[in-house]
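Down below is the structure, laid out as structure tokens.
Protein chains in written order, with this note's numbering: chain P, 1 to 410; chain F, 411 to 820.
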């Protein structure tokens with residue numbers, strides 16, 4: 001079965017908003033073995049919507065539309081769908097009651113434009129929006145399905161997961177697909193490919209391998225399609241095992257996890273705690289850990305020591321070091337990592353100091369120079385790296401390497 | 411002129427990677443008055459690439475392709491383009507020399523598969539990749555242009571900005587377009603629309619207004635197209651001024667800035683410093699500030715006090731408060747914000763404590779309850795909020811509100 005996504009909104013085309021909805025929808029549908037064949041981002045424009053919808057309905061069975069359902073005049077998706085499907089209008093009483101309740105509970109006035117959110121095409125099934133005022137819509141079109149949802153990510157996710165997916169899995173039943181991801185670190189894509197060339201060349205036609213490089217990591221994704229009675233999971237896992245044997249300790253996970261998740265799981269399983277001292281990464285590493293629900297089980301806290309004064313007063317780094325070896329040095333990072341572990345009283349600690357750029361580099365410490373330290377009660381490891389890329393790249397790579405150093409220590 | 415983007419890669423379709431390239435390209439082209447009409451994300455599949463390219467060349471003059479240029483077998487874009495355009499192969503000596511240098515300087519072995527990166531279609535202009543091994547390619551096709559670049563974001567950006575854009579601005583000259591963004595906070599989209607209804611209803615046909623809501627903010631984007639000799643900038647700015655008058659102090663900026671940038675600019679202009687104490691936001695607010703180049707001019711450091719022990723020892727919060735009023739309370743946040751300002755010796759400070767969810771809520775402090783404080787030497791303001799949405803939503807909204815509270819204080 002072919003599925004496509006249409007995202008509607010000029011803000012996507014001029015780059016004011018990054019489309020995260022499509023990736024999320026791709027992941028969700030993938031779990032239910034529905035593959036997205038194309039993602040089409042178009043303008044809030046009636047002719048574009050008509051033409052795109054016609055193309056999609058010709059080649060696909062499921063079309064998911066996001067965006068353009070707000071109460072304002074630039075949002076034209078609902079009106080355009082009514083015209084496209086040549087439908088009339090109805091007032092959805094459930095939505096209207098929900099709207100009345102929504103505005104009453106917030107003490108806000110309900111305008112005519114808000115009431116219009118309960119006016120829906122008379123041929124669609126309503127997909128209730130629990131977190132906003134624009135409901136989703138489900139259209140059955142000659143055995144095909146068109147779903148329209150608002151573009152606000154958390155509203156869309158709520159509608160899709162709770163309202164659309166149950167209907168979808170009833171309507172479409174798919175051949176089984178199985179994904180296995182192997183996360184590797186520090187091995188360039190081409191060397192990985194060379195090392196596992198024999199395995200890749202001999203893959204059966206129903207199993208595919210993809211390389212996804214990002215910030216010093218490469219994720220290898222094996223995808224198998226069920227063939228008759230053979231157990232696709234066992235078959236794919238056997239290939240994954242052979243790849244892991246070859247790649248060795250540079251494999252950091254055999255499921256699709258971030259390094260923050262891997263470290264969190266490892267610490268959590270051992271009942272160990274973590275503190276962090278961040279300079280150039282400026283809170284990014286702590287943010288990655290605290291994005292994980294339940295982070296407080298392992299994460300105690302951090303000191304973001306952007307200035308040398310904070311490195312000295314809050315972490316105990318000797319002031320003389322800033323003049324002799326500089327803040328981006330093994331000596332300073334060693335004192336940072338030990339300082340934060342002692343003061344925040346944790347089992348493990350991470351510390352990072354570097355030059356993220358674009359300014360601040362020098363000949364012997366160019367932009368991208370980052371010193372990373374990890375420690376436990378008995379051991380401290382400090383290493384110097386040189387990362388390439390822009391400011392966010394240097395920060396992201398430093399974060400990944402810091403988590404990897406801690407992973408190896410644990 | 412019509413322009414389109416084609417992003418190639420299964421990882422985008424199954425949601426393993428979010429497409430940030432398209433938004434960036436949209437922004438860049440927009441500055442040069444080239445409008446992206448569609449973004450098409452397709453699979454690493456020869457037939458899909460052929461069919462998409464044919465569609466795009468029928469309706470657009472500029473097609474920008476990203477992805478599928480890696481050295482591994484799942485990357486098929488280059489071979490497919492050679493076949494599509496019926497070209498032969500050539501070895502690009504400059505790229506080959508660059509590759510030899512690249513591998514030599516890193517002490518890595520250069521495999522046959524790496525050398526293939528210097529084999530290019532004989533009808534394309536090479537766009538040198540300074541940060542990676544896959545060069546970009548420029549194809550002239552009957553007056554239209556097809557550009558192919560690798561999908562790794564920082565490599566793509568480098569190629570596009572330094573190599574492709576200069577050629578593009580020579581080749582295409584566009585009617586002038588002018589964007590003006592007004593950033594507002596705390597006013598729901600529908601109330602904004604109601605308040606500025608008269609202005610919106612009377613916009614001339616060549617000026618458009620869009621609403622972009624995100625995390626308690628709405629950005630209003632006015633876009634004007636040059637008409638004859640009239641000065642489009644003056645015309646759009648006059649409308650923007652009228653909108654600002656109506657929206658009043660809930661306008662946080664009249665250019666497309668994040669709240670972190672607005673606060674950074676305000677502090678920087680006044681030579682003032684900032685420290686932050688974060689609990690539930692876990693480093694996110696500090697990360698937003700330190701993403702900005704030159705952050706060290708205003709940002710001194712933070713204490714991420716995830717545990718109560720860190721709130722007590724590093725910020726001086728009284729231990730008895732955790733039992734009497736709890737960590738998510740006005741009293742604790744008041745001591746956090748004053749504690750971090752005093753200890754890190756800054757002019758201003760921000761502090762946040764709350765329940766980001768999904769767990770940890772209670773009847774009187776449900777998930778989404780967040781207390782935010784800001785202070786200077788003479789003033790402390792603490793407020794309690796209730797945010798809706800998932801964990802990242804609560805964190806992001808808390809960040810925006812914290813920056814807004816500080817902005818109003820400054």
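Using N, Cα and C, we set each Cβ at its ideal position, and we do this for glycine too.
{"Check": "Going by DSSP, which residues form a beta bridge with residue 618(F)?", "Outcome": "633(F)"}
{"Check": "Among 61(P), 216(P), 211(P), which one has its Cα closest to the Cα of residue 140(P)?", "Outcome": "61(P)"}
{"Check": "Any beta carbon from chain P within less than 8 Å of residue 412(F)'s own beta carbon?", "Outcome": "no"}
{"Check": "Any beta-carbon of chain P closer than 8 Å to the one on residue 709(F)?", "Outcome": "yes"}
{"Check": "Are the Cβ atoms of residue 685(F) and residue 711(F) separated by less than 8 Å?", "Outcome": "yes"}
{"Check": "What residue range does the beta strand (DSSP E) around residue 178(P) cover?", "Outcome": "177-185"}
{"Check": "Starting from residue 550(F), follow its DSSP beta bridges and name the residues at the other end.", "Outcome": "555(F)"}
{"Check": "Kindly indicate which residue of 764(F), 763(F), 747(F), 556(F) has the alpha-carbon position closest to the one of residue 756(F).", "Outcome": "747(F)"}
{"Check": "Which residues does DSSP list as the beta-bridge partners of residue 684(F)?", "Outcome": "709(F), 758(F)"}
{"Check": "Please classify residue 498(F): is it buried, with 16 or more other beta-carbons within 10 angstroms of its beta-carbon, or exposed?", "Outcome": "exposed"}
{"Check": "If you draw a straight line from the C-alpha of residue 635(F) to the C-alpha of residue 456(F), how long is it?", "Outcome": "38 Å"}
{"Check": "Pick out the complete beta strand (DSSP E) segments inside the stretch 307-360 of chain P, 3 residues or longer, and give them in chain order.", "Outcome": "348-354"}
{"Check": "Which residue's Cα is closest to the Cα of residue 563(F): 212(P), 114(P), 128(P), 147(P)?", "Outcome": "212(P)"}
{"Check": "Please tell me whether residue 557(F) and residue 13(P) are closer than 8 Å, where the distance is taken between their beta carbons.", "Outcome": "no"}
{"Check": "Could you work out which residues of chain F lie near residue 204(P), taking near to mean beta carbons separated by less than 7 Å?", "Outcome": "Simply none; closest approach about 15 Å."}
{"Check": "Using 8 Å for Cβ pairs, my map puts residue 573(F) next to residue 443(F). What's the rounded Cβ distance?", "Outcome": "Actually they do not touch by this definition, with Cβ atoms about 20 Å apart."}
{"Check": "Compute the Euclidean distance between the alpha carbons of residue 523(F) and residue 543(F), then round it to the nearest angstrom.", "Outcome": "11 Å"}
{"Check": "Residue 93(P) versus chain F: which residues are under 9 Å apart at the beta carbon?", "Outcome": "Neighbours of residue 93(P) on chain F: none; closest Cβ ~21 Å, over 9 Å."}
{"Check": "What residues of chain F sit near residue 20(P), judged by a beta carbon separation below 7 Å?", "Outcome": "428"}
{"Check": "Expressed to the nearest angstrom, what Euclidean distance is found between the alpha-carbon atoms of residue 415(P) and residue 246(P)?", "Outcome": "With chain P covering only 1 through 410, there is no way to say anything about residue 415(P)."}
{"Check": "Could you tell me whether any Cβ in chain F is nearer than 8 Å to the Cβ of residue 305(P)?", "Outcome": "yes"}
{"Check": "Which residues in chain P have a C-beta closer than 7 Å to the C-beta of residue 621(F)? List them in chain order.", "Outcome": "70, 72, 74"}
{"Check": "Among the candidates 515(F), 546(F), 516(F), 716(F), whose CA atom is the shortest distance from the CA of residue 528(F)?", "Outcome": "546(F)"}
{"Check": "Output the boundary residues of the alpha helix (DSSP H) element that contains residue 3(P).", "Outcome": "Element bounds for residue 3(P): not the alpha helix (DSSP H) but the beta strand (DSSP E), 3-8."}
{"Check": "Among 561(F), 700(F), 714(F), 469(F), which one has its Cα closest to the Cα of residue 447(F)?", "Outcome": "469(F)"}
{"Check": "Check the Cβ-Cβ distances between residue 27(P) and every residue of chain F, and say whether any is below 8 Å.", "Outcome": "yes"}
{"Check": "Reducing DSSP to helix, strand and coil, say where residue 253(P) ends up.", "Outcome": "strand"}
{"Check": "In the DSSP assignment, find the beta strand (DSSP E) that holds residue 383(P) and state where it starts and stops.", "Outcome": "380-386"}
{"Check": "Since residue 263(P) contacts residue 407(P) with CB under 8 Å, what's their CB separation in whole angstroms?", "Outcome": "6 Å"}
{"Check": "Counting only C-beta atoms, is residue 705(F) closer than 8 Å to chain P at any point?", "Outcome": "yes"}
{"Check": "Mind checking residue 397(P): buried by the 16 CB within 10 Å criterion, or exposed?", "Outcome": "buried"}
{"Check": "Applying a beta-carbon distance threshold of less than 7 Å, which residues of chain P neighbour residue 494(F)?", "Outcome": "What residue 494(F) touches in chain P: nothing, since even the nearest Cβ is about 18 Å away."}
{"Check": "Using a C-beta cutoff of 8 Å, does residue 599(F) count as contacting chain P?", "Outcome": "yes"}
{"Check": "Counting only runs that start and end within the stretch 67-131 of chain P, where is the alpha helix (DSSP H) found for 4 or more residues in a row?", "Outcome": "77-84, 93-105, 112-115"}
{"Check": "Grab me the residues of residue 242(P)'s own chain with a C-beta within less than 7 Å of its C-beta, minus the 5 sequence neighbours each way, in chain order.", "Outcome": "199"}
{"Check": "Mind checking whether residue 138(P) and residue 127(P) have CB atoms under 8 Å apart?", "Outcome": "yes"}
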